[in-house]
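Note that the sequence shown covers residues -19 to 157 in my numbering.
Data first, discussion second: the structure below is written as C-alpha cells.
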Amino acid sequence: AGVVTGRYKTRHRRKVVTTFTLGTRELYDWAHNNPVVEAHPCDHTNDLVVASSNDRLVAINSAISVDLTGQVNSDSIGPRIYSGVGGQVDFIRAASRSRGGVPIIALPSTARGGTVSRIVPRLAPGAGVVTSRADVHWVVTEHGAVDLFGKTLRQRAEALVSIAHPDFHDELEATLR
C-alpha cells in the first residue's frame, strides 16, 4: 500500500530492513529479489548504535503484563515460557536514544475474556522482567497512553492504573494505600 517507505529514515534510507521474513507466499514473492528489502543479521538490526542512528525511531513492543512500577513481562505467564524476548530491550533502548524517538510498550488491558488485568500490582511469581522499569517510557492500552519516564514509583503506579481496564481500578488502587 506504500505506507512503509523508509523515506524518513536516517540510515538504510528507503529500505525495509529485516532479519527474517515470516508470512504468506504473497509476502515471500514480494520480498524475493526486491531491491527495497535488505536482510541483515540481528547483530546489525538490533545493534543499539545502528538502530538509534535513525532519527524519530518508534519502537512498539508487546507485553504479557506490566506491574505498577513499570516492569515489563513479555516472555512468560508465571514461570511458563510463552514467547521469546526478541529484540524488545534492544529496540526500547534504541528508540530512547534516537533523536525524537518513541519507545512504546503496548498491551491489551485484560486477558482471559476480560477476567484478568494485564496491569498488575506485582508480576506473577516466576514471571520474567524483560524490560526493566528504568527503560520504560510509554505504556499503551486501549484505555490510553502514559509516559512513565522520570516519574516516581507512586506517579508510575497512578498513571498505570489510569490505563488499566476500569473493572480493575479499585483493586489496583487498593494496593497503593
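All C-beta atoms, glycine included, are put in the ideal place defined by N, C-alpha and C.
Just so you know, these numbers come straight off a predicted model, no measurement behind them.
At least 8 Å separates the beta-carbon of Gln51 from that of Arg134.
Excluding sequence positions up to five before and after Ala91, its CB lies within less than 6 Å of the CB of Arg98, all in the same chain and listed in chain order. Under a 10 Å Cβ-count criterion, Pro83 is classified as buried, with 16 or more other Cβ atoms of the shown protein chains found around its own Cβ. For Ala39, the enclosing beta strand (DSSP E) starts and ends at 38 to 42.
In the assembly as shown, Gly81 is a buried residue. Its beta-carbon has 16 or more other beta-carbons within 10 Å. The residues Ser45, Asp47, in chain order, have a CB closer than 6 Å to that of Val100 in the same chain once the five nearest residues on each side in sequence are set aside.
Residue state for Glu138 is assigned as helix, using DSSP reduced to three classes. For Pro101, the secondary structure class from DSSP, reduced to helix, strand or coil, is coil. Pairing Thr111 with Ile72 gives a Cβ-Cβ distance under 8 Å.
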